[in-house]
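Novice: The opening residue of the sequence shown carries number 244 in our numbering; numbering runs sequentially from there. Note that beta-carbon positions come from the ideal geometry of N, C-alpha and C, so glycine has one too. Just passing along the structure, written as C-alpha cells.
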Amino acid sequence: MPANTMAHNIAMEESVTLRHWPYPYCAMLAVCSDLDETPDRKAYWDTSEFLNTTRSTPMGQGLGLEIGNTIYFDMTADQFAYWNTDDAGRSMVQSLVRSGYIDCLHSFGDLATTREHAQRALDELEQSGCRLDVWIDHAQAVTNFDGSIMMGEGDVTSSPAYHADLTIRHGVHYVWRGRVSSVLGQDVPPQLGGILSPAHPIASGKTLAKELTKQVLSRMGNEKYAMHAPNRILTRSQLRDGQPVYEFLRCNPHWGGVSSHETAWGIGDVLTDRMLKQLVDRQGACILYTHLGKSEPDATVPLGASAIEGFRRLAKSQANGEMLVTTTRRLLGYCRAKEEIGVTVTHDNDTIVIDVKTSAHCYATLPPIIDRDLEGLTFYTPDPDRTRINVDGEPVLTLTQNAADATGRTSVSIPWTRLEFPES
Ligand SMILES: [Zn+2]
Numbered sequence: 244m245p246a247n248t249m250a251h252n253i254a255m256e257e258s259v260t261l262r263h264w265p266y267p268y269c270a271m272l273a274v275c276s277d278l279d280e281t282p283d284r285k286a287y288w289d290t291s292e293f294l295n296t297t298r299s300t301p302m303g304q305g306l307g308l309e310i311g312n313t314i315y316f317d318m319t320a321d322q323f324a325y326w327n328t329d330d331a332g333r334s335m336v337q338s339l340v341r342s343g344y345i346d347c348l349h350s351f352g353d354l355a356t357t358r359e360h361a362q363r364a365l366d367e368l369e370q371s372g373c374r375l376d377v378w379i380d381h382a383q384a385v386t387n388f389d390g391s392i393m394m395g396e397g398d399v400t401s402s403p404a405y406h407a408d409l410t411i412r413h414g415v416h417y418v419w420r421g422r423v424s425s426v427l428g429q430d431v432p433p434q435l436g437g438i439l440s441p442a443h444p445i446a447s448g449k450t451l452a453k454e455l456t457k458q459v460l461s462r463m464g465n466e467k468y469a470m471h472a473p474n475r476i477l478t479r480s481q482l483r484d485g486q487p488v489y490e491f492l493r494c495n496p497h498w499g500g501v502s503s504h505e506t507a508w509g510i511g512d513v514l515t516d517r518m519l520k521q522l523v524d525r526q527g528a529c530i531l532y533t534h535l536g537k538s539e540p541d542a543t544v545p546l547g548a549s550a551i552e553g554f555r556r557l558a559k560s561q562a563n564g565e566m567l568v569t570t571t572r573r574l575l576g577y578c579r580a581k582e583e584i585g586v587t588v589t590h591d592n593d594t595i596v597i598d599v600k601t602s603a604h605c606y607a608t609l610p611p612i613i614d615r616d617l618e619g620l621t622f623y624t625p626d627p628d629r630t631r632i633n634v635d636g637e638p639v640l641t642l643t644q645n646a647a648d649a650t651g652r653t654s655v656s657i658p659w660t661r662l663e664f665p666e667s
C-alpha cells in the first residue's frame, strides 16, 4: 500500500469515534417512577397509555413518549400491587412487562418479609414469560438491598428476607439502593449550577449545601455518598452476599431537594424548560426520581394539568431532536453497552469497517448485552455511505446514515426502535 494511502486510512480510522448519545439527540432521560400510592389498575393503565401512545385517553391525546413503570407484589389492600389487583390487572401487568413498559421491580412490597414471598413473586413472573432486569429499593421494605438508608436485608444471607440469589438468577443486574443526586446530568462532570433558585433562595441554598456536602464526603471516601462525586449513572458494585451488580444513580434536580416535587403533582415543576435545556446543554443522562402514583389531591385523573404540561415539554424536546426519552431499563442498557463494548476500525478497500465486540469489557458474570442495548449507538465517520458496522462478527444490515450534527461531523447509527405498547 502506498505510504500516502496508508496515512490517509489511518487518519480516517482515527476520525471514527463513538458519539455520546444516539443521533441526533444531545441528552437522554428516563422518567423512573416508583408506583407508591397508585390507587388502582385503571390509574396505572391510564397514565401509561397517555404517556406512551398517541391514542385518545382520559387525559387527552397521548404523548407518544417511552416511559416505563415499576411493580411490587405484597402491599396493603389500599394500594395497587400485583397480588392486590384482579386477574385483569395481573394480565395487564404481564403484558406491560413483556413489552418493556414495566421495567423495574420496586422491592417485593412492604408486606413481603420472607424468601418465600420473593420466590412466589418470581415464580409468577417466570410462569408468565416475564423477566425484570432492574431492581429499585422501596421505602424501608425488608427485601431492599441497601442496609443503611433503605434498611433492607434482601442480600443478607442470614436474614429470613434473603432473596438476592433468587432475584439475581431471575435476571436482575441493575439495582438502585437509595441514591439520589440534585446534580442534573450524569455521565458528565458534576455541575452544581442550576440548583439555586433566585425565587427560593433559602430552600434552594439548603439543597445546594446538602449536595455540596455529599460531593465533599464522596471525595473523602465516604461509602454512603460514593456515587456522587464520580457522577456516573452506573457503577460496578456488589451486593452484601458478594454477587456482582451494576448500581445506578437517580436524580431529582428540583430546587427544594431530592425529596421535593417527586410526585405526579410536583413533576410539572421539575420538567421545566430551564431544566430540559440545561440537561441538553450539559449533554448528560438523567434517570428522574419520581412517583407518578401520587397524584394531585383533587384530581379526577391521575395526571393533573401541571404534570401534563411538563410531559408535553418533554415530548417537545424529543420531537426537536434534543432529548431521547426512554425507559430506565433501556437507558441503563445503552449506557452499559457504551462502557463495555470494544471497537476496532479497519479498512476493506474503500470501506470503513467498525467492528464492535460486545463482551470486550464485560463485568463479572452479568447477563450479556442484548441487541436492544446496542440500538442508537452512533459512530462519527467521514463517509457514512462507505461505513459498515459488524457486531461480534455479524454485519448490521440496516444502518442509518446521518447528516452532520452541531460538531460538523457526519455519522452512522444502529437504528433505535420504539417499544410496542400493548393494545389493552
Ligand atoms: Zn416506593
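Please determine, among 264, 278, 339 and 318, the residue with the shortest C-alpha to C-alpha distance to residue 663.
Specialist: On the sequence shown, residue 663 is found 420 positions in, with the first residue counted as 1. When each option's Cα is compared against that of residue 663, the closest is 339.
Novice: Work out the CA separation of residue 643 and residue 582 for me, nearest whole Å.
Specialist: Looking up residue 582 in the sequence shown gives position 339. Looking up residue 643 in the sequence shown gives position 400. C-alpha separation (whole angstroms): 22 Å.
Novice: Please identify the residue among 320, 667 and 597 whose C-alpha is closest to the C-alpha of residue 257.
Specialist: Taking the sequence shown and counting its residues from 1, one reaches residue 257 at position 14. Taking only the C-alpha atoms, the option nearest residue 257 is 597.
Novice: List the whole-angstrom C-beta distance separating residue 511 from residue 553, where the pair is believed to meet the contact cut-off of C-beta under 8 Å.
Specialist: Counted from its first residue, the sequence shown places residue 511 at position 268. Counted from its first residue, the sequence shown places residue 553 at position 310. Indeed, because the Cβ distance is near 4 Å, the residues count as touching under 8 Å.
Novice: Can you name the start and end residues of the beta strand (DSSP E) that residue 322 belongs to?
Specialist: Here the question's residue 322 lines up with position 79 in the sequence shown. Careful: residue 322 lies outside any beta strand (DSSP E) and carries neither H nor E.
Novice: Is residue 484 near ligand 1, with its Cβ less than 7 Å from a heavy atom?
Specialist: Along the sequence shown, read from residue 1 onward, the residue named residue 484 stands at position 241. Residue 484 Cβ: outside cutoff for every heavy atom of ligand 1.
Novice: Candidates 448, 577, 369 and 284: which alpha carbon is nearest residue 331's?
Specialist: Counted from its first residue, the sequence shown places residue 331 at position 88. Looking at the Cα atoms, 284 is the closest of the given residues.
Novice: Checking 8 Å against the spacing of the C-beta atoms, do residue 454 and residue 426 come in under that value?
Specialist: Taking the sequence shown and counting its residues from 1, the one referred to as residue 454 is at position 211. Taking the sequence shown and counting its residues from 1, the one referred to as residue 426 is at position 183. Yes, these two residues count as a Cβ contact at 8 Å.
Novice: Comparing alpha-carbon positions, which option in 516, 306, 495 and 530 lies nearest residue 576?
Specialist: Position 333 of the sequence shown, counting from 1, holds the residue named residue 576. Looking at the Cα atoms, 530 is the closest of the given residues.
Novice: Secondary structure at residue 295, three-state DSSP: helix, strand or coil?
Specialist: Within the sequence shown, numbered from 1, the residue matching residue 295 stands at position 52. In the structure shown, residue 295 sits in a helix (DSSP, three-state: H, G or I).
Novice: Give a yes or no on whether the C-beta atoms belonging to residue 314 and residue 325 are separated by under 8 Å.
Specialist: One-based indexing of the sequence shown puts residue 314 at position 71. One-based indexing of the sequence shown puts residue 325 at position 82. In contact: residue 314 and residue 325 (Cβ atoms closer than 8 Å).
Novice: Tell me whether the beta-carbon of residue 308 lies closer than 8 Å to the beta-carbon of residue 558.
Specialist: Counting from 1 along the sequence shown, the entry for residue 308 is found at position 65. Counting from 1 along the sequence shown, the entry for residue 558 is found at position 315. Contact flag set, yes.
Novice: Which whole-angstrom value describes the C-beta separation of residue 478 and residue 489, a residue pair presumed to lie in contact below a C-beta threshold of 8 Å?
Specialist: Taking the first residue of the sequence shown as 1, we reach residue 478 at position 235. Taking the first residue of the sequence shown as 1, we reach residue 489 at position 246. Right, their Cβ atoms sit about 7 Å apart.
Novice: To which residues does DSSP link residue 600 through a beta bridge?
Specialist: On the sequence shown, residue 600 is found 357 positions in, with the first residue counted as 1. Note: residue 600 sits in a beta bridge opposite 585.
Novice: What is the DSSP secondary structure of residue 303, reduced to helix, strand or coil?
Specialist: Stepping through the sequence shown from its first residue, residue 303 is reached at position 60. Strand at residue 303.
Novice: Check residue 289 in the structure and name its three-state DSSP category.
Specialist: The residue you call residue 289 lines up with position 46 of the sequence shown. In the structure shown, residue 289 sits in a helix (DSSP, three-state: H, G or I).
Novice: Look at the Cβ atom of residue 527, then the Cβ atom of residue 428, and state whether they are nearer than 8 Å.
Specialist: Mapped onto the sequence shown, residue 527 falls at position 284. Mapped onto the sequence shown, residue 428 falls at position 185. Yes; because the gap between Cβ atoms is below 8 Å, this pair is in contact.
Novice: Report whether the distance from the Cβ of residue 279 to the nearest heavy atom of ligand 1 is below 7 Å.
Specialist: Locating residue 279 in the sequence shown gives position 36, counting from the first residue. Yes, the beta carbon of residue 279 sits closer than 7 Å to at least one heavy atom of ligand 1.
Novice: Here's the rule I'm using: 16 or more other beta-carbon atoms within 10 Å means buried, otherwise exposed. How should residue 661 be labelled?
Specialist: Sequence index remark: in the sequence shown, residue 661 carries index 418 (1-based). Under this definition residue 661 is an exposed residue.
Novice: Which of the three DSSP states, helix, strand or coil, is assigned to residue 644?
Specialist: On the sequence shown, position 401 is the one that residue 644 refers to. Here residue 644 sits in strand by DSSP.
Novice: List the residues that DSSP assigns as beta-bridge partners of residue 622.
Specialist: As a first step, residue 622 must be located in the sequence shown, where it is residue number 379. Looking at the DSSP assignment, residue 622 forms a beta bridge with 261 and 655.
Novice: Alpha carbon to alpha carbon, how far is residue 448 from residue 380? Give it in angstroms, no decimals.
Specialist: Locating residue 380 in the sequence shown gives position 137, where the first residue counts as 1. Locating residue 448 in the sequence shown gives position 205, where the first residue counts as 1. Taking the straight line joining both Cα atoms gives about 28 Å.
Novice: How would you call residue 692, buried or exposed, if buried means at least 16 neighbouring beta carbons within 10 angstroms?
Specialist: Because the chain is modelled from 244 through 667, residue 692 falls outside the range shown and cannot be assessed.
Novice: Relative to the C-alpha of residue 630, which residue among 588, 323 and 649 is closest?
Specialist: On the sequence shown, residue 630 is found 387 positions in, with the first residue counted as 1. Out of 588, 323 and 649, 588 has the C-alpha closest to the C-alpha of residue 630.
Novice: In three-state terms, what does DSSP make of residue 524?
Specialist: Counting from 1 along the sequence shown, the entry for residue 524 is found at position 281. The answer is helix: DSSP assigns residue 524 an H, G or I state.
Novice: Would you tell me roughly how many angstroms separate the C-alpha atoms of residue 388 and residue 398, rounded to the nearest one?
Specialist: Position 145 of the sequence shown, counted from the start, is the residue given in the question as residue 388. Position 155 of the sequence shown, counted from the start, is the residue given in the question as residue 398. Cα to Cα, residue 388 sits roughly 6 Å from residue 398.
Novice: Nearer than 7 Å: is that true of the beta carbon of residue 381 relative to any heavy atom of ligand 1?
Specialist: Residue 381 sits at position 138 when you count from the first residue of the sequence shown. At least one heavy atom of ligand 1 is nearer than 7 Å to the Cβ of residue 381, so yes.
Novice: Tell me the DSSP bridge mates of residue 563?
Specialist: Taking the sequence shown and counting its residues from 1, the one referred to as residue 563 is at position 320. Partner(s): none; residue 563 has no beta bridge.
Novice: So the candidates are 288, 649, 614 and 634; which of them puts its Cα closest to the Cα of residue 312?
Specialist: In the sequence shown, counting from the first residue as 1, residue 312 sits at position 69. Of 288, 649, 614 and 634, the residue nearest in Cα terms is 288.
Novice: Between which residues of its own chain and residue 555 is the CB-CB distance below 8 Å, once the five residues before and five after are set aside?
Specialist: Taking the first residue of the sequence shown as 1, we reach residue 555 at position 312. The residues are 306.
Novice: Are residue 261 and residue 459 touching if we call contact CB-CB under 8 Å?
Specialist: Taking the sequence shown and counting its residues from 1, the one referred to as residue 261 is at position 18. Taking the sequence shown and counting its residues from 1, the one referred to as residue 459 is at position 216. Going by C-beta atoms, residue 261 is not nearer than 8 Å to residue 459.
Novice: Just reading off the beta strand (DSSP E) that residue 487 is part of, what are its end residues?
Specialist: Translated into the one-based positions of the sequence shown, residue 487 becomes position 244. Element bounds for residue 487: 487-491.
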